[in-house]
Structure formats: structure tokens, C-alpha cells
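> Please find one structure pasted underneath; my questions will follow.
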Amino acid sequence: MGIIVHKYGGTSVGSIERIQCVAQRVAKAVDEGCQCVVVVSAMGKSTDVLVDMAKQIAPYPSEREMDMLLATGEQVSIALLTMAFHQLGYDAVSLTGWQAGILTQPVHGRARITGIDNERIISYLNEGKIVVVAGFQGMTEDGQITTLGRGGSDTTAVALAASLKADLCEIFTDVTGVYSADPRVVSRARKLSSISYDEMLELANLGAGVLHPRAVECAKKYGVRLTVRSSFVEEEGTRVEEVSSMETGLVVRGVAHDEDVARVTVIGMPSRVGSLSNLFMTLAENNINVDIIIQSSYDAEETNISFSVSTADLNKTLRVLAAHQEKLNFQSISHEADLAKVSIVGAGMISNPGIAAQMFKELSDADIPIRMVSTSEIKVSCVIPKEFTLLAVNTLHTAFKLDVEEEAVVHG
Ligand code: ADP
Ligand code: ASP
Ligand code: MG
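With numbering that gives the first Met the number 0 applied, the sequence shown covers 0 to 411.
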């Protein structure tokens, strides 16, 4: 057996007992002859606790200092897990992201990994050690500590698996695999035995928090064998791999939702070449990520533009637009918070017309208003008022025949 990478999320290392269970699970793989690299998240909800403490000091804390603070969460877990290995009689060593050679862009809060200098990991593995690496963190070329964005430990694990040419990367979490919808929201969600990289990437991008989107991107790019499974129960998980939709026979494979959506409408922009690019360049220069864009009420003189942003970016967006009103030459702005995006995903949609129409009908039959729509070859998304999220996700899950007969037993 070669190298394998295990990743354990916050709940999986949420207490001393859980850390001891993780050590035993990894020890079994070592006994079977594997060289193991273990990536861990911060314990339980400790990253949220750190974020809260910072916000009590400053509403907009320095991004550099936020990374300095949040990176400490994972350091607690690597040290404790390594001690647990020692206690079981196994040789192990813990490494921070930078000690593990994880290099990132010079961006705080959501840096991308640019390279991994894996020499130190390989030499420890060759000495027979279990290597325990802090997820979610890295370092820029000039030595600044960065983090990869919330949920980013998955990406650390997959990037290490790619760099080490590992046989397998296993993401251990608090559900038994990837489901057709968030099993905490849809009790009849079904576990998928496998899912394609593209479908998983859409689901992750559209709010299925079980995998960090960049982890899926990296797994696809480097052909990493990836599975998602429970750290609580012994049960086969979900394989993320190249599968064709022909094999699954289902047009829609999953429903995702994201309750962090706000809409901004810019009213009365001049209808001339360059207006749109000026607007979105201004937002981009201020690091505001825009998702869905709709141009409406177009006439020869004026146009209205609506777009969605994350709720966290709403106030900043309104501030930036107000500051540039003269330059952008619009009349007024309106906005709506408390929205959600529900999406259906499936590679089979490419060859099945009418899926979007069916989605709109299901939502309107359930009296759910649709504010915005966006489609790609393998997904349709609708923005709706947040209060309807639960109803919308369950309605679509049933309508597209994803329900299991019996209530799924999900948690271990
Ligand atoms: P970890 O701390 O292990 O990284 P996360 O909380 O990030 O765990 O991810 C696991 C959670 O993802 C589950 O508890 C579940 O509520 C949520 N989730 C959302 N969508 C899905 C889905 N389609 N399948 C499985 N879990 C999902
Ligand atoms: N601890 C970080 C978070 O809570 C990273 C992770 O868990 O993947 O977002
Ligand atoms: Mg996670």
C-alpha cells in the first residue's frame, strides 16, 4: 500500500474522545501498511468562537490578524492528535501548513494554494511517521500566514493528496457521504454511492457544504481518488469520480441551497456602451463577488441592473455604489436581503429539455415566488425569499424523484 490522506473535520475532532477515536482509525490503516498523512480542522466550532472574539474587538478586523487568529484553531488539533498517536505507541509528528510547505497567494481570508513543497512530509513518511497537518492554512512567499476560506481543510487534504500522488484521499465527516440534498434539511435525502467531479463541483459551489468547492476542483484537475464518509460509523461513503450521467439514469442528482443571498438593483443607468463594464469593474475593484446578473427594463435611454451578492457583502456593495453614483450615473439603488438560492444539479440535464420549466412550475405550484434565475448546462438555480427554503428544497427533491422510501439514518 502507498500513501493515503485522511481528513477529519471539526465535529470529528470535537472532543478528546473523538480525537482518540480518530487516532485509532488512522492506526488501523497504518497497521495495514499505509503511509498516512492526516489533515485536521479546528475542534468543533472553535473557529466560530475565534471569529466571534475578533468581532467583539472590531467590526472589521484586519484581515492579516484574522488569519493569524484563525490559524491557531487547527494547531490545537494537530498537537492533540499527535499526542494521541504517541499514547497508542505510534510514531507521529505534527506540522503547521507552512511547515508542511503549503504556499498560497498573498490574499488573506480566502487564499488559493499555489504550490506545495512536500519534501519535509516525504522525509517524515520515509522515517515511518504518521504526518499530521493543520488544514485550512498556508503561507505566502514572503512569509505571511494565510487561510483558505471557511471549510478549506478539505482543500488542504486534496492538494496534499495530489502533490504526494496519494492512492486515496478520504474526507471523514459527520454524515455518511454526499446526499441528494443536505440530510439535515431533507429527511428523505439519499446517499449517493458515487458522483461525478462536475456535479459535485456544482453542488459544492451552490451551497452543499459537505465539500469545499476548491477541493473538488483540485481533485478533478489532478485525478485524485476522493471519498466522503463518516468518522462515526463504519459505512461505505460516496466516491467522487468520473461517472457518466448515462450510468446513473437520473437527470437531477441533487438539490442544493444557499441561505446567504442578497439582491441589489441599480435603477436608471444610462443605456450606453461601457455602462455595464463600469459598474462591474467598480465592484470587482472592491473585491465584491457578484453571482447572478439580470438586466431589465431596457430602453434606448435607461436600463436597470439587478445582481446578487452574499449577505456579508451587501453593506459594502451599497457603500461602494453610493460612493460611485456620480461616475456610474445611475438614479437610485434598491436592495433585498433575506433571500436564498435553491438549485437542482445533474449532468443529464444537457440532453433533457424542460427541466428548468418543471422547476419553475413546481415552485409556483407551491406558491414560492422566484426573484432571479440562472442556468448552466448542468444546473438551474432560483433565488427565492429565505422563508421558503425548506419548502422549496423538499418540494424539488420529491418532484425530481430523489426521495428514499424510508427515512434515511444519517448520523453516527
Ligand atoms: P466537517 O466539519 O467534517 O468539514 P461540514 O459541516 O463542513 O463538516 O460538512 C458536513 C455537513 O454538510 C453535514 O453535516 C451536512 O449537514 C452538510 N451538507 C450539506 N449538503 C450536503 C449533502 N448534499 N450531502 C451531505 N451533507 C451535506
Ligand atoms: N476550521 C475552518 C472552518 O471552520 C476550516 C475547516 O474546518 O475546514 O472553516
Ligand atoms: Mg467542511
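Cβ coordinates follow ideal geometry from the N, Cα and C atoms, glycine included.
Q324: which of G353, S373, L282, I56 sits nearest, CA to CA?
Translated into positions along the sequence shown, residue 324 becomes position 325. Nearest of G353, S373, L282, I56 to Q324, Cα basis: L282.
> Whether or not the stretch 125-140 and the stretch 11-21 are in contact is what I'm after, with contact meaning three or more pairs of Cβ atoms, one per stretch, closer than 8 angstroms; do they touch?
With the cut-off at 8 angstroms, the stretch 11-21 and the stretch 125-140 do not touch.
> When you compare the CB positions of L416 and K385, do they come within less than 8 angstroms of one another, or not?
With the chain running from 0 to 411 in the structure shown, residue 416 is simply not present.
> Run through the stretch 222-275 for me and flag every whole alpha helix (DSSP H) of 4 or more residues, listed as ranges in chain order.
Here the runs fully enclosed are 244-247.
> By DSSP, does F399 sit in helix, in strand, or in coil?
As a working note, residue 399 is residue 400 in the sequence shown. Note: F399 maps to coil in three-state DSSP.
> For the alpha helix (DSSP H) that contains D30, what are its first and last residues?
Reading the sequence shown from its first residue, position 31 is the one you call residue 30. It spans 15-30 - the alpha helix (DSSP H) in which D30 sits, taken as one unbroken run.
> Please specify which runs of the alpha helix (DSSP H), each continuous and at least 4 residues long, are wholly inside the stretch 46-94, giving them in chain order.
62-86
> For the beta strand (DSSP E) containing D424, list its first residue and its last residue.
Outside the shown range of the chain (0 to 411) lies residue 424, about which nothing can therefore be said.
> Please classify S307: does DSSP put it in a helix, a strand, or coil?
Here residue 307 corresponds to residue number 308 of the sequence shown, with the count starting at 1. Strand, per DSSP.
> Sorted by chain position, which residues of the same chain lie with C-beta nearer than 6 angstroms to L210's C-beta, five sequence neighbours on each side aside?
Counting from one through the sequence shown, the residue named residue 210 turns up at place 211. So the qualifying residues of the chain are D153, A203.
> For A407, name the three-state secondary structure that DSSP assigns.
Here residue 407 refers to the residue found at position 408 of the sequence shown. Below a pLDDT of 50, predicted positions are generally treated as unreliable, and A407, at 47, falls in that range; the measurement from the model is reported next regardless. A407: coil per DSSP, three-state reduction.
> I need the straight-line Cα distance from I101 to T237, nearest angstrom please.
On the sequence shown, position 102 is the one that residue 101 refers to. On the sequence shown, position 238 is the one that residue 237 refers to. If you draw a straight line from the Cα of I101 to the Cα of T237, it is about 27 angstroms long.
> Could you have a look at A41 and say whether DSSP puts it in helix, strand or coil?
Position 42 of the sequence shown, counted from the first residue, corresponds to residue 41. Coil.
> Is the CB of P182 under 8 angstroms away from at least one CB in chain B?
Absent from the structure is chain B; it holds one protein chain and no more.
> Which residue's Cα is closest to the Cα of S373: N286, E201, V25?
What you label residue 373 is simply residue 374 of the sequence shown in a count that begins at 1. Cα-wise, what sits closest to S373 is E201.
> Regarding S61 and the ligand ASP, is the C-beta to nearest heavy atom distance less than 7 angstroms?
Taking the sequence shown and counting its residues from 1, one reaches residue 61 at position 62. Annotation for S61 indicates a beta carbon at 7 angstroms or more from all heavy atoms of the ligand ASP.
> Considering only heavy atoms of the ligand ADP, does any lie closer than 7 angstroms to the CB of L202?
Position 203 of the sequence shown, counting from 1, holds the residue named residue 202. True, at least one ligand heavy atom lies under 7 angstroms from that Cβ.
> What are the partner residues of H5, as DSSP defines its beta bridges?
Sequence index remark: in the sequence shown, residue 5 carries index 6 (1-based). BP columns for H5 point to V37, E169.
> Compute the Euclidean distance between the alpha carbons of D257 and L94, then round it to the nearest angstrom.
Here residue 257 refers to the residue found at position 258 when the sequence shown is read from its first residue. Here residue 94 refers to the residue found at position 95 when the sequence shown is read from its first residue. Cα-Cα distance, rounded: 34 angstroms.
> Consult DSSP for D337 and reduce its assignment to one of helix, strand or coil.
Locating residue 337 in the sequence shown gives position 338, counting from the first residue. In this structure, D337 counts as strand in the three-state DSSP scheme.
> In whole angstroms, give me the CA-to-CA distance for S122 and I144.
By one-based count along the sequence shown, residue 122 stands at place 123. By one-based count along the sequence shown, residue 144 stands at place 145. One C-alpha to the other measures close to 24 angstroms.
> Is D173 near the ligand MG, in the sense that its beta carbon is under 7 angstroms from a heavy atom of that ligand?
Residue numbering aside, residue 173 sits at position 174 when the sequence shown is read from its first letter. Exclusion of D173 from the 7 angstroms shell around the ligand MG follows from its C-beta lying no nearer than that to any non-hydrogen atom of the ligand.
> Indicate whether the contact test is met: 3 or more Cβ pairs, each with one atom in the stretch 101-116 and one in the stretch 74-89, closer than 8 angstroms.
no
> Could you give the residue range of the alpha helix (DSSP H) that holds K326?
Taking the first residue of the sequence shown as 1, we reach residue 326 at position 327. Taken as a continuous stretch (DSSP letters only), the alpha helix (DSSP H) holding K326 covers 324-327.
> Would the beta-carbon of I304 fall within 8 angstroms of that of D166?
Counted from its first residue, the sequence shown places residue 304 at position 305. Counted from its first residue, the sequence shown places residue 166 at position 167. Against a cut-off of 8 angstroms, the Cβ pair of D166 and I304 comes out as no contact.
> Verify the contact flag: G72, CB atom, against every heavy atom of the ligand MG, threshold strictly below 7 angstroms.
For the purposes of this step, residue 72 is taken as the residue at position 73 of the sequence shown. Result no, Cβ not under 7 angstroms from the ligand MG.
> Thinking C-alpha only, which one of Q357, V185, F171 is nearest E404?
Locating residue 404 in the sequence shown gives position 405, counting from the first residue. Of the listed residues, the one whose Cα sits closest to E404 is V185.
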